[in-house]
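Engineer:
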Amino acid sequence: MARRNVWTYEETKELLSVIKDKGLIRHFGEEQNKRLYGIAEAEMRKRGFPDKGAFQIEHKWKNLKRVYYKTKREDYLSESCEFFEELDELMSEKLQQNQAKHDKVPQKRPKPVLEHFDKLLTKIGVIERENNEEFFRKQKDLINYEFELYTQDERQFTQRLASVLEKNTEDFCFRAQQILILEGMIEGTVAEVEEEKLDMVEETLEELIEDADGGDDHHHMVDVIEQLEEEQVEMVEMVEEDVLEEDEENEIDEKKEVVKQYYQAWKEDEF
Numbered sequence: 001m002a003r004r005n006v007w008t009y010e011e012t013k014e015l016l017s018v019i020k021d022k023g024l025i026r027h028f029g030e031e032q033n034k035r036l037y038g039i040a041e042a043e044m045r046k047r048g049f050p051d052k053g054a055f056q057i058e059h060k061w062k063n064l065k066r067v068y069y070k071t072k073r074e075d076y077l078s079e080s081c082e083f084f085e086e087l088d089e090l091m092s093e094k095l096q097q098n099q100a101k102h103d104k105v106p107q108k109r110p111k112p113v114l115e116h117f118d119k120l121l122t123k124i125g126v127i128e129r130e131n132n133e134e135f136f137r138k139q140k141d142l143i144n145y146e147f148e149l150y151t152q153d154e155r156q157f158t159q160r161l162a163s164v165l166e167k168n169t170e171d172f173c174f175r176a177q178q179i180l181i182l183e184g185m186i187e188g189t190v191a192e193v194e195e196e197k198l199d200m201v202e203e204t205l206e207e208l209i210e211d212a213d214g215g216d217d218h219h220h221m222v223d224v225i226e227q228l229e230e231e232q233v234e235m236v237e238m239v240e241e242d243v244l245e246e247d248e249e250n251e252i253d254e255k256k257e258v259v260k261q262y263y264q265a266w267k268e269d270e271f
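Okay, so the sequence shown: first residue is 1 according to UniProt numbering, each after it adds one.
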């Protein structure tokens, strides 16, 4: 026996109640509607309306929605649409649900708006100028530091060279004085000259020791002091050798004088 296609007031009222109670309105359009209509059919049967199948429920629901939207769109009197209040309540619930979903969707962040091109160029110019100033300042500091190191090394080299020249000059003068004494061109003895030089070496050694205690170029001072100490030892040895040579020369002169006197005495006795 075929089911009746005509819907009574009670059947339509109960269908809207089932859709509301089961919350089917929230799922229309999201899930397969045939499954939803099957749920409505089963619930209608439980409530004592077994004559309406899923296919009939689908067509009835679509007709109800069409009449409702037409009434809303054409501004008809709500009395012209049966069950307007029930449909409006269901559709309002659907509308609120859609609005809530729309609010949950994260809105895309607006793209950043670029500043005015001239302002951007001005900022870039300021940044570049600051970076260039910092670079040139550091470069200048580095050049000054390197120049200071070079100047310090050059100053130390000049001091060493001056000390070497001064020492060579003193050695030359003392040597020339020794030669002049040996040639009889000036008064004095070689031992006196060497003793004078030894005194000067000792004074220079003491000054260098004091400078080494308070100076920065400690290693250079130590080398010079060691060199002067070696020269001092050599000078002492030379003085001792010269003294021995003078003693030997004196002994030879005395022997020559004795021989000379003996020869003169023998000469007088002979004649």
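Positions of the beta carbon are idealized from the N, C-alpha and C atoms, including for glycine.
Using alpha carbons as the reference points, say which of Glu-86, Arg-66, Asn-168 and Leu-24 lies closest to Tyr-9.
Structural biologist: For the purposes of this step, residue 9 is taken as residue 9 along the sequence shown, with counting starting at 1. Here the closest residue by C-alpha is Glu-86.
Engineer: Could you check if Glu-134 is buried or exposed, using at least 16 other CB atoms within 10 Å of its CB as the buried criterion?
Structural biologist: For the purposes of this step, residue 134 is taken as the residue at position 134 of the sequence shown. So Glu-134 counts as exposed.
Engineer: Taking 8 Å as the cut-off, decide whether the C-beta atoms of Ile-25 and Leu-90 are in contact.
Structural biologist: For this step, residue 25 is matched to residue 25 along the sequence shown. For this step, residue 90 is matched to residue 90 along the sequence shown. Against a cut-off of 8 Å, the Cβ pair of Leu-90 and Ile-25 comes out as a contact.
Engineer: Less than 8 Å between the CB atoms is what I'm expecting for Asn-33 and Glu-58, so what's the real figure, rounded?
Structural biologist: In the sequence shown, residue 33 corresponds to position 33, counting from 1. In the sequence shown, residue 58 corresponds to position 58, counting from 1. Indeed, because the Cβ distance is near 7 Å, the residues count as touching under 8 Å.
Engineer: Which of the three DSSP states is assigned to Gly-38 in this structure?
Structural biologist: Residue numbering aside, residue 38 sits at position 38 when the sequence shown is read from its first letter. Reduced to three states, the DSSP call for Gly-38 is helix.
Engineer: Is His-27 near Leu-36, with beta carbons less than 8 Å apart?
Structural biologist: Sequence index remark: in the sequence shown, residue 27 carries index 27 (1-based). Sequence index remark: in the sequence shown, residue 36 carries index 36 (1-based). Yes, the pair counts as a contact, with Cβ atoms nearer than the cut-off.
Engineer: In angstroms, rounded to a whole number, what distance separates the CA positions of Arg-155 and Thr-169?
Structural biologist: By 1-based counting over the sequence shown, the position of residue 155 is 155. By 1-based counting over the sequence shown, the position of residue 169 is 169. Roughly 21 Å separates the two Cα atoms.
Engineer: How big is the Cα-Cα spacing for Phe-83 and Ala-42?
Structural biologist: For the purposes of this step, residue 83 is identified with residue 83 of the sequence shown, where counting begins at 1. For the purposes of this step, residue 42 is identified with residue 42 of the sequence shown, where counting begins at 1. Those two C-alpha atoms are separated by around 22 Å.
Engineer: Straight-line CA distance for Glu-196 to Ile-179?
Structural biologist: Position 196 of the sequence shown, counted from the first residue, corresponds to residue 196. Position 179 of the sequence shown, counted from the first residue, corresponds to residue 179. About 15 Å.
Engineer: Taking the alpha helix (DSSP H) that residue 279 falls in, what are its first and last residues?
Structural biologist: Nothing can be reported for residue 279: it is not among the residues displayed for the chain, which extend from 1 to 271.
Engineer: Can you tell me which of the three DSSP states Cys-81 falls into?
Structural biologist: Residue numbering aside, residue 81 sits at position 81 when the sequence shown is read from its first letter. Cys-81: coil per DSSP, three-state reduction.
Engineer: Do you know offhand how far Phe-49's Cα is from Asn-63's?
Structural biologist: For the purposes of this step, residue 49 is taken as the residue at position 49 of the sequence shown. For the purposes of this step, residue 63 is taken as the residue at position 63 of the sequence shown. Cα to Cα, Phe-49 sits roughly 19 Å from Asn-63.
Engineer: How is the alpha helix (DSSP H) around Val-6 delimited, first residue to last?
Structural biologist: Your numbering for residue 6 matches position 6 in the sequence shown. Segment: none, Val-6 is in no alpha helix (DSSP H) and carries neither H nor E.
Engineer: Indicate the three-state DSSP secondary structure (helix, strand or coil) for Glu-74 in the structure shown.
Structural biologist: As a working mapping, residue 74 is identified with position 74 in the sequence shown. In the structure shown, Glu-74 falls within a coil segment according to DSSP collapsed to helix, strand and coil.
Engineer: Cβ of Ala-40 within 8 Å of Cβ of Val-18?
Structural biologist: Counted from its first residue, the sequence shown places residue 40 at position 40. Counted from its first residue, the sequence shown places residue 18 at position 18. Against a cut-off of 8 Å, the Cβ pair of Val-18 and Ala-40 comes out as a contact.
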